[in-house]
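All remarks here apply to the structure that follows.
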Amino acid sequence: QVRVVESGGGLVLYGESLRLSCTASGIKFRLYVMDWYRQAPGKQRELVATISTESKTDYAGSVKGRFTISRDNANNTVSLQMNSLKPEDTAVYYCSARLGLLDYWGQGTQVTVSS
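Each residue of the sequence shown is one higher than the one before, starting from 1022 at the first, in this note's numbering.
Take a look at the structure:
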């Protein structure tokens, strides 16, 4: 059984930091591309950051320089370090594990940034 579980969300103030974690079980984690998405109220889900199986990273322009994605294959975990948070970063953040046509998602974790 595949499980993808996000954690680390919460309420922070403008300019503060937060670290999200995602643990995937039931898969050969090291073979999967890992993504962080977010969805704000009334908006479409958007891709925030991606890390390949070789730990190559890519970011949405809106978070580049502020967010850092990393993976720990030994612990089946991907993290998203979010610095200099802004109110527009407020959203539900989702983790996905992707391999070809396989795509597993977590339930999401809420991040709220107050001004």
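Every residue gets a Cβ at the ideal spot worked out from N, C-alpha and C, and that includes glycine. Predicted model, so just to flag it, every value in this text is computed and none were measured.
#1: Sort G1047, I1090 and Y1035 by Cα distance to S1076 and report the nearest one.
#2: Please report the distance separating the alpha-carbon of G1036 from that of K1107.
#3: Looking at the structure shown, is A1081 part of a helix, part of a strand, or coil, going by DSSP?
#4: Between which two residues does the beta strand (DSSP E) carrying F1088 extend?
#5: By DSSP's criteria, E1067 is part of a beta bridge. Which residues make up the other side?
Short version:
#1: For the purposes of this step, residue 1076 is taken as the residue at position 55 of the sequence shown. Minimum Cα distance to S1076 is reached at I1090.
#2: On the sequence shown, position 15 is the one that residue 1036 refers to. On the sequence shown, position 86 is the one that residue 1107 refers to. Cα to Cα, G1036 sits roughly 6 Å from K1107.
#3: Locating residue 1081 in the sequence shown gives position 60, where the first residue counts as 1. Reduced to three states, the DSSP call for A1081 is coil.
#4: Along the sequence shown, one-based indexing puts residue 1088 at 67. Where F1088 is concerned, the enclosing beta strand (DSSP E) stretches over F1088 to D1093.
#5: As a first step, residue 1067 must be located in the sequence shown, where it is residue number 46. R1059, per the DSSP bridge assignment.
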